[in-house]
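*Asks:*
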Amino acid sequence: MNQAELSTRLGVPVHVHQRIPNTTDRLRRLAHDGAPHGTVVVASELTAARGRTGSAWSAPAGGLWTSTLIRPEFAADHVGRLTFAAGVAVADTVSEFGVGAGLKWPNDLLVNGEKLAGILTESVHDGVPVAGKPVDEVFPGESVGLDYVMLGVGINANVDADDVAADRAVTSLREQTGHDVDRSALLVRFHEHLLDRCAQAESADGFAAVLDDYRALSETLGHRVRVERRGQASIEGVARDVTETGALVVESDEESVSVTEGECRRLRRQSLDGEEN
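Start counting the sequence shown at 126; every next residue gets the next number (my numbering).
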C-alpha cells in the first residue's frame, strides 16, 4: 500500500506499516502530538496485537489491521455510539466486496458463525485511556472530558484462517470470495464508511438510524445467550436489545440485565436430557 497515495485519496494522514507491534499504540502517540480527526494507522502484520479484554491474538501478514483517530463533538458518555458505528461500517464495507456479514455483540463481525473482523474502541478522557467499558463505570459519578477515540478494526483480508490464532472459528475475505482483495481499495472504502457512520452517530436521530442498522445486522439479538463475565456470575437468557451506551440487554427467567462486558455465546436449543445441540 502506497502511503502518499492513500493520504491523498483519503484527505487525511495515513501511516502505513508492514510490520509493527500494534496500530493503537502508534496512533496514540500521533493523537498526543495533535493528529487530526480521521488519521489512520494501517499495518499488514502485527506482532503484539491486543483484544478487547487485553488478551493477545495473532494478526498475520495479509490482513487489514487499522486504528483510526476520531475526535467527536459529543459528550463523553456517548462514546459507546462509535462501536456501533464501526461495526455497521465494516459490514457496509465487506458487502461491497461481495461478503454478507452479521454483527456479534460486542465487537465481532461474523460470516456463518466464523469471525471475519473485530473492533476495539479505546477512548481517552482527561488523559486517561478507557477500553471495553462504559465511561460512567470507569468514572462513576464524575464529570470527565473526552480527548479523542481510537477505533481499532482488524479485517481478515488475504490471510489463511489457520494462521489466525483465535478462540473461535475464523474466516477471511479471501476464503469467502475465492481470491485476494485489493487491500488499498478495502482501506479506502472502509475509511469512508467509518467516517460517514461516525458522523451520523453524532446526532440523536442519526444514531437512532445507526442502531436500527446494527439491530438488523445482529447475530445476537433474539437468541438465547450466555455471557461470561470476569469476576462475576455468568448471565444466561434471551438477548433482547442493545442500549445507547453499548450494553446488551439479556432477559433471564428472573430479571432483565444490562450487561456491559463479557464473552457472549449463542446457545443452541436444549434437548430433553439438557444437552445443548
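The beta-carbon is built from N, C-alpha and C at its ideal position, and this holds for glycine as well.
#1: So Arg299 packs on Ala282, CB below 8 Å; how close in whole Å?
#2: Among Leu194, Gly188 and Leu131, which residue has its Cα nearest to the Cα of Arg154?
#3: If you scan the region 154-209 from start to end, which runs of the beta strand (DSSP E) of 3 or more residues do you find wholly inside it?
#4: Is Ala372 helix, strand or coil by DSSP?
#5: In angstroms with no decimal places, state the Cα-to-Cα distance between Val405 and Asp233.
#6: On the premise that Val278 lies in contact with Ala286, defined as a C-beta separation below 8 Å, what is that separation, rounded to the nearest angstrom?
#7: Using the rule of at least 16 other Cβ atoms within 10 Å of the residue's Cβ for burial, across every protein chain shown, is Glu267 buried or exposed?
#8: Please report how far the alpha carbon of Gln128 lies from the alpha carbon of Ala326, in whole angstroms.
#9: Measure the CB-CB distance between Val284 and Gly187 and report whether it falls below 7 Å.
#10: Would Ala310 be called buried (16 or more neighbouring beta carbons within 10 Å of its own) or exposed?
#11: Restricting to Cα atoms, I'd like to know which of Ala358, Gln143 and Arg206 is closest to Glu247.
#12: Helix, strand or coil: which one does DSSP assign to Ser132?
#13: Using only alpha-carbon positions, find the residue among Thr164, Ile145 and Thr149 that is nearest to Val137.
#14: Looking only at C-alpha atoms, which of Ile360, Thr370, Glu380 and Thr385 sits nearest to Leu392?
#15: Under the three-state reduction of DSSP, which class applies to Gln357: helix, strand or coil?
#16: Report the three-state DSSP secondary structure of Gly270 (helix, strand or coil).
#17: Secondary structure at Leu346, three-state DSSP: helix, strand or coil?
#18: Going by DSSP, what residues sit across from Glu388 in a beta bridge?
#19: Candidates Glu376, Phe209, Leu320 and Ala184: which alpha carbon is nearest Asp338's?
*Replies:* Taking the definition as stated:
#1: Taking the first residue of the sequence shown as 1, we reach residue 299 at position 174. Taking the first residue of the sequence shown as 1, we reach residue 282 at position 157. Their Cβ separation, rounded to whole angstroms, is 7 Å, which keeps Arg299 and Ala282 in contact under 8 Å.
#2: As a first step, residue 154 must be located in the sequence shown, where it is residue number 29. The alpha carbon of Arg154 has as its nearest neighbour, out of Leu194, Gly188 and Leu131, the alpha carbon of Leu194.
#3: Counting whole runs of 3 or more residues, the region 154-209 contains the beta strand (DSSP E) stretches 165-175, 181-184 and 189-195.
#4: Residue mapping note: residue 372 aligns to position 247 of the sequence shown, counting from 1. Coil at Ala372, not helix or strand.
#5: Nothing about residue 405 can be read from this structure; the chain reaches only from 126 to 402.
#6: The residue you call residue 286 lines up with position 161 of the sequence shown. The residue you call residue 278 lines up with position 153 of the sequence shown. Their Cβ separation, rounded to whole angstroms, is 18 Å, which puts Ala286 and Val278 out of contact at 8 Å.
#7: Against the sequence shown, residue 267 aligns to sequence position 142. Within 10 angstroms of the beta-carbon of Glu267 lie fewer than 16 other beta-carbons, which makes it exposed.
#8: Taking the sequence shown and counting its residues from 1, one reaches residue 128 at position 3. Taking the sequence shown and counting its residues from 1, one reaches residue 326 at position 201. Ala326 has its alpha-carbon roughly 28 Å from the corresponding atom of Gln128.
#9: The residue you call residue 284 lines up with position 159 of the sequence shown. The residue you call residue 187 lines up with position 62 of the sequence shown. In this structure, Val284 lies near Gly187, with their beta-carbon atoms less than 7 Å apart.
#10: In the sequence shown, counting from the first residue as 1, residue 310 sits at position 185. Classification of Ala310: exposed, given that the 10 Å Cβ count is below 16.
#11: Here the question's residue 247 lines up with position 122 in the sequence shown. Selected option, being the one with the closest Cα: Arg206.
#12: Position 7 of the sequence shown holds residue 132. Per DSSP, reduced to three states, the secondary structure at Ser132 is helical.
#13: In the sequence shown, the residue the question calls residue 137 occupies position 12. In this structure, Thr164 is the residue among Thr164, Ile145 and Thr149 with its C-alpha nearest to the C-alpha of Val137.
#14: Here residue 392 is taken as the residue at index 267 of the sequence shown, counted from 1. Check the Cα spacing between Leu392 and each of Ile360, Thr370, Glu380 and Thr385: the tightest is with Ile360.
#15: Here residue 357 is taken as the residue at index 232 of the sequence shown, counted from 1. Gln357 falls in the coil class under three-state DSSP.
#16: The residue given as residue 270 occupies position 145 in the sequence shown. DSSP places Gly270 in coil when its eight states are reduced to three.
#17: Numbered from its first residue, the sequence shown carries residue 346 at position 221. Coil at Leu346, not helix or strand.
#18: Indexing the sequence shown from 1 puts residue 388 at position 263. Note: Glu388 sits in a beta bridge opposite Glu353.
#19: Counted from its first residue, the sequence shown places residue 338 at position 213. The residue with the shortest Cα to Cα distance from Asp338 is Phe209.
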